[in-house]
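A.B. asks:
Chains as they are written, first to last, in the numbering used here: chain A, 1 to 315; chain B, 1001 to 1262.
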């Protein structure tokens, strides 16, 4: 397989399984399970709750563990960024640079602007929160801020991902491929906040019940006001859309590799150590299996993956 | 007409509606956030005609770029905007993403407005973000609250206030109207909103109304204007409202006039 890797124009040597880590215990588990890289949140700047983020000291320890094992560590700075946090963040960036953090995951245009101003030297990965949907956006982030990787928005379709790669081949693409993904736009969903009046910090795992409205009399009292402007009878037919709280692309990694994705991310910094271990092993095995598949290496059979996988998706 | 310019967005644009709106509005916003089928009879093909008629009525025209500009729509949208620009029938453009913003720099002289849907979750108008957007040519930022008016104005950036309309709680790129009904997308479903969907979320049943793309917290639009401190209204450069019908604009327009008197 080695020769084929050398000859293949995809950057297979950089192919990675990227695991979540909400604690140092998670870091150990991810490495043990074969993660090529893992990501953590910087406490106070992460979109996950503080108990599932690492402080600077812990990040330095995690970096040391990662590098000794020959793995990479990325640090997410993806919570809302306030101007008052500038000095604190500047200090944190300095420390992380000294500890050779492999990349920062950034979710705010203002923050990118700030990083440029303080002459940050660390590589930058653009979070899904930046809402990059087109090659123009990628080129700009590359040119203006030196962004090296785009974490692909979960709302993009496979052909759109492939087009991004085709138009910006030098940018790495990362895809959330295991864990919680919602059909709502993860960049702008205000549901957790709206419902619970809490910080945006916990992965939303809502179940949505969607009702077609035909007859008012069957609805609970409090919905009358909502519906009074609708001039029709209402029936509550209990159809339900449940978006699986877990996505698992392990069977179709080949499709995305051929579309230009090089990093397969597992969601779940707030999950158990067992989950991290299990999901990492599953994804690592799937990646190895894909790369060992003779059909994957056959340049004349690119279609195979599309046909095979699309038929799988359709079930 | 009030001293604060009023821009109107409506779910579905028609020529007669344009004439009805004319006495109350200073400008219109055309282009749907998600599906052009529901805003125009013939998708974007109607935009040039509509913008031309708006200009004849002396209305300012703002184009709303869709939320998702992928390779599927990007070039078409850009061509349309070039055409509007060349014909001088567009004054400003609402932008959502940095890629579109870069592409639109070629249309010199057009005002670029940063849409309230362009922000991550809850908008934090940090100094760096506003400074960056201004450097990229954004002249106005759309906000919804008094605190945001204050913060944006302190950084010397123009302000568009989203004054009236549905409070969108979340949205999706997937139009699940079709999926849910298990029948082809009928324009009437989206455009006329004949079949609302009630969505429950976990243990809070029937809390939201869904229109295929957006989850909003109630069916009646929210009037954001009464929540704004009167002294901050002076810092607002324009108000954008999203109306269902002509009655909405009459009530909003009357409300704005009370600010003028103050």
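Note that the Cβ used here is the ideal one computed from N, Cα and C, for glycine as well.
Mind pulling the beta strand (DSSP E) runs of 3 or more residues that sit fully within the segment 1004–1061 of chain B?
C.D. replies: Segments of the beta strand (DSSP E) lying fully in the segment 1004–1061 of chain B: 1006–1010 and 1027–1030.
A.B. asks: If distances are taken between C-alpha atoms only, which option among A:290, A:277, A:291 and A:287 comes closest to residue 27 of chain A?
C.D. replies: Translated into the one-based positions of the first chain, residue 27 of chain A becomes position 27. Nearest option by C-alpha distance: A:277.
A.B. asks: Please check the pair residue 21 of chain A and residue 62 of chain A, which I expect to be a contact at CB under 8 angstroms, by giving their CB distance rounded to whole angstroms.
C.D. replies: The residue labelled residue 21 of chain A in the question sits at position 21 within the first chain. The residue labelled residue 62 of chain A in the question sits at position 62 within the first chain. Yes, residue 21 of chain A and residue 62 of chain A are in contact; Cβ-Cβ is about 7 angstroms, under 8 angstroms.
A.B. asks: Just reading off the beta strand (DSSP E) that residue 1111 of chain B is part of, what are its end residues?
C.D. replies: Indexing the second chain from 1 puts residue 1111 of chain B at position 111. Element bounds for residue 1111 of chain B: 1111–1114.
A.B. asks: Please classify residue 298 of chain A as buried or exposed, where buried requires at least 16 neighbouring CB atoms within 10 angstroms.
C.D. replies: Residue 298 of chain A sits at position 298 when you count from the first residue of the first chain. That one is exposed.
A.B. asks: For residue 1096 of chain B, name the three-state secondary structure that DSSP assigns.
C.D. replies: The count along the second chain starts at 1 and reaches residue 1096 of chain B at position 96. Residue 1096 of chain B: coil per DSSP, three-state reduction.
A.B. asks: Exposed or buried, which one is residue 140 of chain A when buried takes at least 16 other CB atoms within 10 Å?
C.D. replies: Here residue 140 of chain A is taken as the residue at index 140 of the first chain, counted from 1. Residue 140 of chain A is buried by the Cβ-count criterion.
A.B. asks: At least one CB of chain A closer than 8 angstroms to the CB of residue 1252 of chain B: is that the case?
C.D. replies: Reading the second chain from its first residue, position 252 is the one you call residue 1252 of chain B. Not an interface residue.
A.B. asks: Under 7 angstroms, CB to CB, which of the residues in the segment 150–168 of chain A have a partner in chain B?
C.D. replies: 155, 156, 160 and 163
A.B. asks: Just to make sure I have the definition right: I need the residues of chain B whose C-beta is within less than 7 angstroms of the C-beta of residue 111 of chain A. Which are they?
C.D. replies: By one-based count along the first chain, residue 111 of chain A stands at place 111. Neighbours of residue 111 of chain A on chain B, chain order: 1128.
A.B. asks: If distances are taken between C-alpha atoms only, which option among A:279, A:108, A:252 and A:262 comes closest to residue 289 of chain A?
C.D. replies: Against the first chain, residue 289 of chain A aligns to sequence position 289. Cα-wise, what sits closest to residue 289 of chain A is A:252.
A.B. asks: Please report the distance separating the alpha-carbon of residue 1238 of chain B from that of residue 189 of chain A.
C.D. replies: In the second chain, residue 1238 of chain B corresponds to position 238, counting from 1. In the first chain, residue 189 of chain A corresponds to position 189, counting from 1. Taking the straight line joining both Cα atoms gives about 26 angstroms.
A.B. asks: Please compile the residues from chain A whose C-beta is within a distance smaller than 9 angstroms of the C-beta of residue 1240 of chain B.
C.D. replies: Here the question's residue 1240 of chain B lines up with position 240 in the second chain. Around residue 1240 of chain B, no beta-carbon contact reaches into chain A at under 9 angstroms, the shortest distance being about 18 angstroms.
A.B. asks: Expressed to the nearest angstrom, what Euclidean distance is found between the alpha-carbon atoms of residue 162 of chain A and residue 107 of chain A?
C.D. replies: The residue you call residue 162 of chain A lines up with position 162 of the first chain. The residue you call residue 107 of chain A lines up with position 107 of the first chain. Their backbone Cα atoms lie some 22 angstroms apart in a straight line.
A.B. asks: Relative to the alpha-carbon of residue 173 of chain A, which residue among A:130, A:165 and A:179 has its alpha-carbon at the smallest distance?
C.D. replies: Here residue 173 of chain A refers to the residue found at position 173 when the first chain is read from its first residue. Measuring from the Cα of residue 173 of chain A, the nearest candidate turns out to be A:165.
A.B. asks: Which residue wins for smallest C-alpha separation from residue 1109 of chain B, given the options B:1091, B:1244, B:1095 and B:1099?
C.D. replies: Residue mapping note: residue 1109 of chain B aligns to position 109 of the second chain, counting from 1. Taking only the C-alpha atoms, the option nearest residue 1109 of chain B is B:1091.
A.B. asks: Run through DSSP, which three-state label would residue 1085 of chain B get?
C.D. replies: Mapped onto the second chain, residue 1085 of chain B falls at position 85. If DSSP states are grouped into helix, strand and coil, residue 1085 of chain B belongs with the helices.
A.B. asks: Can you have a look at residue 118 of chain A and say buried or exposed, based on whether 16 or more other CB atoms are within 10 angstroms of its CB?
C.D. replies: Within the first chain, the letter at position 118 stands for residue 118 of chain A. Its Cβ having fewer than 16 others within 10 Å, residue 118 of chain A is exposed.
A.B. asks: I'd like to know whether the C-beta atoms of residue 153 of chain A and residue 133 of chain A end up nearer to each other than 8 angstroms.
C.D. replies: Here residue 153 of chain A refers to the residue found at position 153 when the first chain is read from its first residue. Here residue 133 of chain A refers to the residue found at position 133 when the first chain is read from its first residue. Taking 8 angstroms as the Cβ cut-off, residue 153 of chain A and residue 133 of chain A qualify as a contacting pair.
A.B. asks: Contact defined as beta carbons within less than 8 angstroms: I believe residue 1166 of chain B pairs with residue 1226 of chain B. What is the distance between those atoms, to the nearest angstrom?
C.D. replies: The residue you call residue 1166 of chain B lines up with position 166 of the second chain. The residue you call residue 1226 of chain B lines up with position 226 of the second chain. Actually they are not in contact, since the Cβ atoms of residue 1166 of chain B and residue 1226 of chain B sit about 17 angstroms apart, beyond 8 angstroms.
A.B. asks: Is there a Cβ from chain A that is less than 8 angstroms from the Cβ of residue 1068 of chain B?
C.D. replies: Here the question's residue 1068 of chain B lines up with position 68 in the second chain. So yes, residue 1068 of chain B belongs to the interface.
A.B. asks: In the DSSP assignment, find the unbroken beta strand (DSSP E) run with residue 148 of chain A in it and report its ends.
C.D. replies: To locate residue 148 of chain A, count along the first chain from 1; it is residue 148. 147–151 is the extent of the beta strand (DSSP E) around residue 148 of chain A.
A.B. asks: Using a beta-carbon distance below 8 angstroms, is residue 1006 of chain B in contact with chain A?
C.D. replies: Taking the second chain and counting its residues from 1, one reaches residue 1006 of chain B at position 6. Output row for residue 1006 of chain B: interface = no.
A.B. asks: What residue from A:175, A:76, A:167 and A:30 has the CA that sits closest to residue 55 of chain A's CA?
C.D. replies: Translated into positions along the first chain, residue 55 of chain A becomes position 55. Selected option, being the one with the closest Cα: A:76.
A.B. asks: Would you call the CB atoms of residue 1085 of chain B and residue 1249 of chain B closer than 8 angstroms?
C.D. replies: Within the second chain, residue 1085 of chain B is the residue found at index 85, counting from 1. Within the second chain, residue 1249 of chain B is the residue found at index 249, counting from 1. Not closer than 8 angstroms, so no.
A.B. asks: With a threshold of 8 angstroms between beta-carbons, can residue 255 of chain A be considered close to chain B, or not?
C.D. replies: The residue you call residue 255 of chain A lines up with position 255 of the first chain. No - not a single Cβ of chain B is within 8 angstroms of the one on residue 255 of chain A.
A.B. asks: In terms of alpha-carbon separation, which member of A:23, A:98 and A:29 lies closest to residue 270 of chain A?
C.D. replies: Here residue 270 of chain A refers to the residue found at position 270 when the first chain is read from its first residue. Comparing Cα positions, the closest option is A:23.
A.B. asks: Start and end of the beta strand (DSSP E) containing residue 262 of chain A?
C.D. replies: Counting from 1 along the first chain, the entry for residue 262 of chain A is found at position 262. Under the DSSP assignment, residue 262 of chain A falls in the beta strand (DSSP E) whose first and last residues are 261–266.
A.B. asks: Below 8 angstroms on C-beta distance, what does residue 1146 of chain B contact in chain A?
C.D. replies: Position 146 of the second chain holds residue 1146 of chain B. Here the premise fails: no neighbours, minimum Cβ distance about 18 angstroms.
A.B. asks: Using a Cβ-Cβ distance cut-off of 8 angstroms, determine whether residue 83 of chain A contacts chain B.
C.D. replies: As a first step, residue 83 of chain A must be located in the first chain, where it is residue number 83. It does; some Cβ of chain B falls within 8 angstroms.
A.B. asks: Counting only beta-carbon atoms, is residue 1031 of chain B nearer than 8 angstroms to chain A?
C.D. replies: Within the second chain, residue 1031 of chain B is the residue found at index 31, counting from 1. Judged by the 8 angstroms Cβ criterion, residue 1031 of chain B is not in contact with chain A.
A.B. asks: Just mark residue 1211 of chain B as buried or exposed, buried being the case when its beta carbon has 16 or more other beta carbons within 10 Å.
C.D. replies: On the second chain, position 211 is the one that residue 1211 of chain B refers to. That one is buried.
A.B. asks: Helix, strand or coil, according to DSSP, for residue 235 of chain A in the structure here?
C.D. replies: As a first step, residue 235 of chain A is located in the first chain; it is residue number 235 there, counting from the start. Its pLDDT being 39, under 50, residue 235 of chain A is placed unreliably by the model, and nothing is read from it.
A.B. asks: What three-state label does DSSP hand residue 130 of chain A in the structure shown?
C.D. replies: The count along the first chain starts at 1 and reaches residue 130 of chain A at position 130. It is helical.
A.B. asks: Which value, in whole angstroms, describes the spacing of the CA atoms of residue 30 of chain A and residue 294 of chain A?
C.D. replies: Along the first chain, one-based indexing puts residue 30 of chain A at 30. Along the first chain, one-based indexing puts residue 294 of chain A at 294. Whole-angstrom Cα-Cα distance: 28 angstroms.
A.B. asks: For residue 1094 of chain B versus residue 1113 of chain B, is the C-beta distance shorter than 8 angstroms?
C.D. replies: Against the second chain, residue 1094 of chain B aligns to sequence position 94. Against the second chain, residue 1113 of chain B aligns to sequence position 113. Their beta carbons are under 8 angstroms apart, which means residue 1094 of chain B touches residue 1113 of chain B by this criterion.
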